[in-house]
Amino acid sequence: MNNGKTALITGASSGIGQELAQLFARDGFNLVLVARNTEALNQLAGRLWEQHQVESVVITKDLSEEDAAEEVYDQVKERGITVDVLVNDAGAGLYGHFATETDWEREKALIHLNVLATTQMTKLFLKDMVARNEGKILNLASLVSITPMPLMAVYAATKAYVYNFTQSLINELKDTKVTITALLPNATDTQFFNRAGAPDVKVTDHLDDPEMVARDAYKALMKGAHKVIPGGIVNKAYEVMSYVAPQEALAGMMRYNMTPKNDLKPDGSEKSAAWAWGLGIAALALAGVALAVAYSDDKVAERVRNRVHPDNWLPELEGAIRSARELVGNGWGKAREAVS
Ligand SMILES: NC(=O)c1ccc[n+]([C@@H]2O[C@H](COP(=O)([O-])OP(=O)(O)OC[C@H]3O[C@@H](n4cnc5c(N)ncnc54)[C@H](OP(=O)(O)O)[C@@H]3O)[C@@H](O)[C@H]2O)c1
Numbered sequence: 018m019n020n021g022k023t024a025l026i027t028g029a030s031s032g033i034g035q036e037l038a039q040l041f042a043r044d045g046f047n048l049v050l051v052a053r054n055t056e057a058l059n060q061l062a063g064r065l066w067e068q069h070q071v072e073s074v075v076i077t078k079d080l081s082e083e084d085a086a087e088e089v090y091d092q093v094k095e096r097g098i099t100v101d102v103l104v105n106d107a108g109a110g111l112y113g114h115f116a117t118e119t120d121w122e123r124e125k126a127l128i129h130l131n132v133l134a135t136t137q138m139t140k141l142f143l144k145d146m147v148a149r150n151e152g153k154i155l156n157l158a159s160l161v162s163i164t165p166m167p168l169m170a171v172y173a174a175t176k177a178y179v180y181n182f183t184q185s186l187i188n189e190l191k192d193t194k195v196t197i198t199a200l201l202p203n204a205t206d207t208q209f210f211n212r213a214g215a216p217d218v219k220v221t222d223h224l225d226d227p228e229m230v231a232r233d234a235y236k237a238l239m240k241g242a243h244k245v246i247p248g249g250i251v252n253k254a255y256e257v258m259s260y261v262a263p264q265e266a267l268a269g270m271m272r273y274n275m276t277p278k279n280d281l282k283p284d285g286s287e288k289s290a291a292w293a294w295g296l297g298i299a300a301l302a303l304a305g306v307a308l309a310v311a312y313s314d315d316k317v318a319e320r321v322r323n324r325v326h327p328d329n330w331l332p333e334l335e336g337a338i339r340s341a342r343e344l345v346g347n348g349w350g351k352a353r354e355a356v357s
């Protein structure tokens, strides 16, 4: 049923943005759908009306162009729409060696889209939300916000910006009822890699489901969480690993992931090196996560404390030393007998 609220989603014409639009519509939000592909947006608007009886306003806009965000804001204001939730999803990547392969004009447009448009959209709509003391924003960062990403260097840097920017705003907004959430998906099965010019890189062997990503993101956004890493323990461990591992090791792993499958050596040596680092670090990270979880449970913490208390392990240690001395003594006696 229509709840009378409105969510504005940039990048709603495909992928994660489109999945998010479905979830908002299911909960009765009207929508403002923004992207370049008018036909895809109109089709989505039609489906959302048929399935959920929510209204959608379609705004065709290239957000990599100067002042595009302001034009979107003006159109929304002219129609008298109050945006209760803003989702800054529109984004793109670009694949290739920065020094020799990628094109500056495309990189400039990418920075404009991922950084400037996201920042300006946030600036314009957040001001109104703070004035009303209500509202929610979801910013599309990425797991590569916290790791280097060779061969998509500019993209990863833009996502580091989005993540950092969002975390700072969370603090600035802490005395208001406005919340802002950073979404950090792992590699996801959308048009993203194709469009970035990286269709057959190793990482595309294992892609997350965009529906799952949107579901986890939506839940976190509604709760006002500071950040969300969709998926299971592996994606969470990846985050911990990114904080503890040396940057060179992370860059090496990501380089492996971003290598076209045809260019990988058949003997798998690059894989072994990347995985040796990855598995070692992931094991450490998982041990850390397990300890943190265990210690957050009082009963488990108590059992661990009991186990490491000297009253419990000293007698066992003394017993072990006694047996070791006996073993050595017996062995020494037998050796002397044999010699004599
Ligand atoms: N897929 C992944 O592995 C992954 C992982 C982490 C984060 N992310 C982030 O998730 C977000 C969504 O990407 P996706 O994976 O869903 O990829 P996608 O299917 O390619 O969707 C990208 C969306 O952004 C819109 N967009 C692209 N350039 C635009 C422009 N210049 N102006 C306006 N809209 C534009 C596209 O619509 P039009 O083409 O119609 O304009 C499309 O709706 C991006 O910010 C991406 O960086 C993706």
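If you want this note's numbering, it's the 1-based position in the sequence shown plus 17.
Ideal Cβ positions, reconstructed from N, Cα and C, are used throughout, including at glycine.
Everything numeric in this text was worked out from a predicted model, so none of it was measured.
Notebook entry, point to check: With respect to the alpha helix (DSSP H) encompassing Ala170, which residues constitute its N-terminal and C-terminal limits?
Noted result: Indexing the sequence shown from 1 puts residue 170 at position 153. Taken as a continuous stretch (DSSP letters only), the alpha helix (DSSP H) holding Ala170 covers 170 to 189.
Check: Are the Cβ atoms of Val75 and Leu50 separated by less than 7 Å?
Finding: For this step, residue 75 is matched to residue 58 along the sequence shown. For this step, residue 50 is matched to residue 33 along the sequence shown. Cβ atoms of Val75 and Leu50: closer than 7 Å.
Checklist line | Beta bridge counterpart(s) of Val218 as assigned by DSSP | finding: Indexing the sequence shown from 1 puts residue 218 at position 201. Under DSSP, Val218 forms a beta bridge with Pro277.
Check: For the putative contact between Thr207 and Ser31, defined by C-beta atoms under 8 Å, what is the C-beta separation to the nearest angstrom?
Finding: Translated into positions along the sequence shown, residue 207 becomes position 190. Translated into positions along the sequence shown, residue 31 becomes position 14. That belief holds up - the Cβ atoms of Thr207 and Ser31 are roughly 7 Å apart, short of 8 Å.
Note to self: Can you look up Thr139 in the DSSP assignment and give me helix, strand or coil?
What the structure shows: As a first step, residue 139 must be located in the sequence shown, where it is residue number 122. DSSP places Thr139 in helix when its eight states are reduced to three.
Notebook entry, point to check: What does Lys282 pair with, by DSSP beta-bridge criteria?
Noted result: For the purposes of this step, residue 282 is taken as residue 265 along the sequence shown, with counting starting at 1. Beta-bridge annotation (DSSP): Lys282 is not paired with any residue.
Check: Considering only residues of the same chain and omitting the five flanking positions on each side of Gly214, which have a CB-CB separation below 8 Å?
Finding: The residue labelled residue 214 in the question sits at position 197 within the sequence shown. Counting only Cβ-Cβ distances below 8 Å, and skipping sequence neighbours, we find Leu111, Tyr112, Gly113.
Check: When the distance is taken between beta carbons, is Lys176 closer than 7 Å to Ser162?
Finding: Position 145 of the sequence shown, counted from the first residue, corresponds to residue 162. Position 159 of the sequence shown, counted from the first residue, corresponds to residue 176. Cβ atoms of Ser162 and Lys176: closer than 7 Å.
Item checked: Asn150 in three-state terms, based on DSSP -> Looking up residue 150 in the sequence shown gives position 133. Of the three classes helix, strand and coil, the one that applies to Asn150 here is coil, per DSSP.
Item checked: Minimum C-alpha distance to Gly21 - residue among His69, Ala57, Phe142 -> Along the sequence shown, one-based indexing puts residue 21 at 4. Considering only alpha carbons, the answer is His69.
Margin query: Can you find the residues in the same chain that come closer than 6 Å, C-beta to C-beta, to Lys78, ignoring five residues on each side of it along the sequence?
Written below: Taking the sequence shown and counting its residues from 1, the one referred to as residue 78 is at position 61. So the qualifying residues of the chain are Val51, Ala85, Val89.
Next item on the list: Using 6 Å as the cut-off, classify the Cβ of Phe41 as near or not near the heavy atoms of ligand 1, replying yes or no.
Entry: Against the sequence shown, residue 41 aligns to sequence position 24. It does not: the Cβ of Phe41 is nowhere closer than 6 Å to a heavy atom of ligand 1.
Note to self: Quick check on Gly32 - is its C-beta less than 7 Å from some C-beta in chain C?
What the structure shows: Among the chains of the structure shown, chain C does not appear; only one protein chain is present.
Notebook entry, point to check: Under three-state DSSP, which class holds Asn211?
Noted result: Here the question's residue 211 lines up with position 194 in the sequence shown. Helix, per DSSP.
Item checked: Proximity to Leu133 [Cα-Cα], best of Ala107, Phe41, Pro283 -> Position 116 of the sequence shown holds residue 133. When only C-alpha atoms are compared, the closest one is Ala107.
Check: Would you report the Cα separation of Leu25 and Asn47, rounded to the nearest angstrom?
Finding: Your numbering for residue 25 matches position 8 in the sequence shown. Your numbering for residue 47 matches position 30 in the sequence shown. Distance between Leu25 and Asn47, taken at the CA atoms: about 9 Å.
Checklist line | Integer-rounded CB distance, given that Leu143 should sit under 8 Å from Ile246 | finding: Looking up residue 246 in the sequence shown gives position 229. Looking up residue 143 in the sequence shown gives position 126. The Cβ separation is near 23 Å, so there is no contact.
Item checked: Among Val100, Asp120, Leu127, Val71, the one whose alpha carbon lies nearest that of Arg149 -> Here residue 149 is taken as the residue at index 132 of the sequence shown, counted from 1. Cα-wise, what sits closest to Arg149 is Val100.
Check: Comparing the CB of Gly113 with every heavy atom of ligand 1, is any distance shorter than 6 Å?
Finding: For the purposes of this step, residue 113 is identified with residue 96 of the sequence shown, where counting begins at 1. No, the beta carbon of Gly113 sits no closer than 6 Å to any heavy atom of ligand 1.
Check: Is Leu58 closer than 7 Å to Ala231 when the C-beta atoms are compared?
Finding: Residue mapping note: residue 231 aligns to position 214 of the sequence shown, counting from 1. Residue mapping note: residue 58 aligns to position 41 of the sequence shown, counting from 1. Going by C-beta atoms, Ala231 is not nearer than 7 Å to Leu58.
Notebook entry, point to check: In chain order, what residues of the same chain have a beta carbon less than 7 Å from the beta carbon of Gln137, not counting five sequence neighbours either side?
Noted result: Along the sequence shown, one-based indexing puts residue 137 at 120. Excluding the 5 residues flanking it on each side, Gln137 has same chain C-beta neighbours closer than 7 Å at Ala86, Glu87, in chain order.
Next item on the list: Please work out which residues of its chain come closer than 7 Å, Cβ to Cβ, to Ile187, disregarding the five sequence neighbours upstream and downstream, and give them in chain order.
Entry: The residue given as residue 187 occupies position 170 in the sequence shown. Excluding residues within five positions, the ones whose Cβ falls inside 7 Å are Ile197, His243.
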